[in-house]
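Numbering-wise, the sequence shown is residues 1 to 407 according to my numbering.
What follows is a short report on a single structure.
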Amino acid sequence: MTTLNATTASVQLASSKTPSTPVAPPKALTMGARPGLVSAAGGLASLGQHVAQTTGANAKVLLVSDPALSPLGFAGKAVNSLESSGHQVVVFENFTSDPKESAVNAALAVANTEGVGAVVGLGGGSALDLAKLVSGLALKSDDCAPYRLAAQPILRRKVAFIAVPTTSGTGAETTRTSIISQADGTKNWFWDEMLVPDLALLDPELTVGLPAYWTLYTGLDALVHAVESRTNRYRFAENDAVAERAIALVAQNLERTLEQPNDLEARGAMQLAAAYGGMAINNTGCAVAHNIGHAMGSLAGVPHGRAVSIALVATLSWSIEGNQEAFAAVARAMGLSSASHIAPWMDRIAERVGESLRLNEQEREWFDKSALATAMMSDANRSMLEALARDAAPEDVDMLAELAMAA
């Protein structure tokens, strides 16, 4: 088992206030104490021990588990580990991908009624985003809506939180953000230092059964996080090293996981890539690919990893202009000779599993360029566009939307 102390494995912001609207992250930083990282094949069996170490023995635990994990036995293994360590467990599975605020509030009602002492999130980005927001608001609130876009600070968390990812991409296990949809599908960011987990438990065995489609797009999501962190206007040297490590791990291991799905070493490396990518964007935020990707998700539910991959490839040539040094560093981290080779590399990886990093005909019927450009400038998305190292004028927004819509 490998345990990575967060004082050497993570970079976190030192910030004393939560903004009411998105602003540039400060560049002052400390080596934060959270999240701790534990990476171990079979590590799910130790979940109960980690909860005990984090919050004490015999805690009541809310397990927020992706409903798809029950048939696979993962949720049952988590419950067994928790109960064998003396914890009482309440399982919450009543949510879907891109969870709605109503699901968060339903989970909060359970947490508050049961008086839980810890929350465990088990699943991909949707499960972890829901769980982390519940952990931040448990025993304090029954409604998450007032905290959209950090309109209100979450302040002190009253329960422990452990994240157990079953995909390798979103980085939700290391970030201070949670992305939750309103009833109409509009995605909103929630962010606060209190959303950072106490511990991220990385078990590559949990990702082995992930279909090639999701292995591809979660892996590319991790890459896009790190690329955007390394190249946006808020980048800085200390964080660049974290982003470049994530980029290198994806470049060295994503294709290997697609070719050899049972390779635990490669799977473990991809989990670390996702975690490091999350740490990187914690400090700098994202950029145009996530701006467009979130717009596509809000408009038509295009899966997140696919949407941001399409957006990055479509806009890469424009982004590189005037920012060539930063993208050259990305290329070097990937083992490529030029930034112009980044998009072809991504295309080639996607083609290996029969995917195309372009919107298909049906997807292009779900929204048009005008709707996409409008969504790109929404309150929830605009800050990511503003994070671009290259300024985007109003006419550029239409052009970028058109690039993303191209066949």
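Note that the Cβ used here is the ideal one computed from N, Cα and C, for glycine as well.
A quick note: this is a predicted structure, and the numbers were derived from the prediction, not measured.
Less than 8 Å between the CB atoms is what I'm expecting for H294 and K369, so what's the real figure, rounded? The residue you call residue 294 lines up with position 294 of the sequence shown. The residue you call residue 369 lines up with position 369 of the sequence shown. That belief does not hold up - the Cβ atoms of H294 and K369 are roughly 17 Å apart, past 8 Å.
Give a yes or no on whether the C-beta atoms belonging to W345 and L400 are separated by under 8 Å. Within the sequence shown, residue 345 is the residue found at index 345, counting from 1. Within the sequence shown, residue 400 is the residue found at index 400, counting from 1. No, Cβ-Cβ distance for W345 and L400 is not below 8 Å.
Who pairs with L162 in a beta bridge, going by DSSP? Numbered from its first residue, the sequence shown carries residue 162 at position 162. Residue 162 is actually Ile in this sequence, not Leu. I162 pairs with V120, L199.
Whole angstroms is fine: what's the gap from A151's alpha carbon to L139's? In the sequence shown, counting from the first residue as 1, residue 151 sits at position 151. In the sequence shown, counting from the first residue as 1, residue 139 sits at position 139. If I take the Cα positions, the gap works out to 19 Å.
By DSSP, does Q88 sit in helix, in strand, or in coil? Taking the sequence shown and counting its residues from 1, one reaches residue 88 at position 88. Strand at Q88.
DSSP three-state label for L63, please. The count along the sequence shown starts at 1 and reaches residue 63 at position 63. L63: strand per DSSP, three-state reduction.
Quick check on DSSP: helix, strand or coil for G219? The residue given as residue 219 occupies position 219 in the sequence shown. Helix at G219.
Alpha-carbon spacing of A392 relative to V89, whole angstroms: Residue 392 sits at position 392 when you count from the first residue of the sequence shown. Residue 89 sits at position 89 when you count from the first residue of the sequence shown. In this structure, the alpha-carbon of A392 lies about 49 Å from that of V89.
Is the closest heavy atom of the ligand GTP to the C-beta of G278 under 7 Å? By its list of ligands, the structure shown contains no ligand whatsoever, and the ligand GTP lies outside what it can speak to.
With 16 other CB atoms within 10 Å as the buried threshold, where does S340 fall? The residue given as residue 340 occupies position 340 in the sequence shown. It counts as exposed.
Spatial distance of Q49 from F161 (CA atoms): What you label residue 49 is simply residue 49 of the sequence shown in a count that begins at 1. What you label residue 161 is simply residue 161 of the sequence shown in a count that begins at 1. Cα-Cα distance, rounded: 13 Å.
What does T177 pair with, by DSSP beta-bridge criteria? Here the question's residue 177 lines up with position 177 in the sequence shown. The partner list for T177 (beta bridge, DSSP) reads W191.
If you count every other CB in all the chains shown that lies within 10 Å of the CB of D142, and 16 or more means buried, which is it? Here residue 142 refers to the residue found at position 142 of the sequence shown. Its Cβ having fewer than 16 others within 10 Å, D142 is exposed.
From T170 to A274, what distance separates their C-alpha atoms? Here residue 170 refers to the residue found at position 170 when the sequence shown is read from its first residue. Here residue 274 refers to the residue found at position 274 when the sequence shown is read from its first residue. About 6 Å.
Which of helix, strand or coil does DSSP assign to A339? For the purposes of this step, residue 339 is taken as the residue at position 339 of the sequence shown. DSSP places A339 in helix when its eight states are reduced to three.
Quick one: residues in its chain with C-beta nearer than 7 Å to the C-beta of S298, no 5 flanking neighbours on either side, listed in chain order? As a first step, residue 298 must be located in the sequence shown, where it is residue number 298. G185, T186, K187, A375.
With 16 other Cβ atoms within 10 Å as the buried cut-off, status of P211: By 1-based counting over the sequence shown, the position of residue 211 is 211. Exposed is the call here.
Residue range of the unbroken beta strand (DSSP E) whose run includes S39: Stepping through the sequence shown from its first residue, residue 39 is reached at position 39. 36-39 is the extent of the beta strand (DSSP E) around S39.
Three-state secondary structure (DSSP) of K140: Your numbering for residue 140 matches position 140 in the sequence shown. If DSSP states are grouped into helix, strand and coil, K140 belongs with coil.
Under the rule that 16 or more other beta-carbon atoms within 10 Å means buried, what is D379, buried or exposed? Against the sequence shown, residue 379 aligns to sequence position 379. D379 should be labelled exposed.
As an exercise, report each continuous alpha helix (DSSP H) stretch of at least 4 residues that is fully enclosed by the stretch 292-331, in chain order. List check, alpha helix (DSSP H) in window: 304-320.
Could you give the distance in angstroms between the alpha-carbon of S135 and the alpha-carbon of V159? Stepping through the sequence shown from its first residue, residue 135 is reached at position 135. Stepping through the sequence shown from its first residue, residue 159 is reached at position 159. Rounded to whole angstroms, S135 to V159 spans 6 Å at the Cα level.
Count the other CB atoms, across all protein chains shown, that sit within 10 Å of the CB of L108; report buried if there are 16 or more and exposed otherwise. One-based indexing of the sequence shown puts residue 108 at position 108. Buried, because 16 or more other Cβ atoms sit within 10 Å of the Cβ of L108.
Measure the CB-CB distance between L249 and A280 and report whether it falls below 8 Å. Residue 249 sits at position 249 when you count from the first residue of the sequence shown. Residue 280 sits at position 280 when you count from the first residue of the sequence shown. Taking 8 Å as the Cβ cut-off, L249 and A280 do not qualify as a contacting pair.
Out of curiosity, what's the CA-to-CA distance linking L357 and V61? Here residue 357 corresponds to residue number 357 of the sequence shown, with the count starting at 1. Here residue 61 corresponds to residue number 61 of the sequence shown, with the count starting at 1. Approximately 40 Å, taken between the alpha carbons.
Over the uninterrupted alpha helix (DSSP H) stretch that includes I247, give me the two end residues. Taking the first residue of the sequence shown as 1, we reach residue 247 at position 247. First-last of the alpha helix (DSSP H) with I247: 237-259.
Between the C-alpha atoms of D240 and T215, what's the straight-line distance to the nearest angstrom? Here residue 240 refers to the residue found at position 240 when the sequence shown is read from its first residue. Here residue 215 refers to the residue found at position 215 when the sequence shown is read from its first residue. A straight-line Cα-Cα distance of about 25 Å links D240 and T215.
Return the Cβ separation of D347 and V313 in integer angstroms, given the expectation that the two are a contact with Cβ distance under 8 Å. Residue 347 sits at position 347 when you count from the first residue of the sequence shown. Residue 313 sits at position 313 when you count from the first residue of the sequence shown. About 7 Å separates the two Cβ atoms, so the contact holds.
Under DSSP, the alpha helix (DSSP H) around T54 begins and ends at which residues? As a first step, residue 54 is located in the sequence shown; it is residue number 54 there, counting from the start. Looking at the DSSP string, the run of the alpha helix (DSSP H) that includes T54 is 47-55.
To which residues does DSSP link K369 through a beta bridge? Working through the sequence shown from its first residue, we reach residue 369 at position 369. DSSP lists no partner for K369.
Endpoints, the alpha helix (DSSP H) within which V397 is located: To locate residue 397, count along the sequence shown from 1; it is residue 397. From DSSP, the alpha helix (DSSP H) with V397 extends over 394-405.
Option nearest W189 by Cα separation, candidates I179, G322, A326, G121: Taking the sequence shown and counting its residues from 1, the one referred to as residue 189 is at position 189. Considering only alpha carbons, the answer is I179.
Taking a contact to mean a Cβ-Cβ separation below 8 Å, would you say V302 touches A289 in this structure? Looking up residue 302 in the sequence shown gives position 302. Looking up residue 289 in the sequence shown gives position 289. In this structure, V302 sits away from A289, with a CB-CB distance that is not shorter than 8 Å.
Should Q260 be labelled buried (16 or more other beta-carbon atoms within 10 Å of its own) or exposed? Position 260 of the sequence shown, counted from the first residue, corresponds to residue 260. Flag for Q260 reads exposed.
Is it the case that the stretch 60-77 contacts the stretch 109-128, given that we only count it when at least three CB pairs across the two stretches are under 8 Å? The stretch 109-128 is in contact with the stretch 60-77.
When you compare the CB positions of A408 and A163, do they come within less than 8 Å of one another, or not? There is no way to answer for residue 408, as the model of the chain reaches only from 1 to 407.
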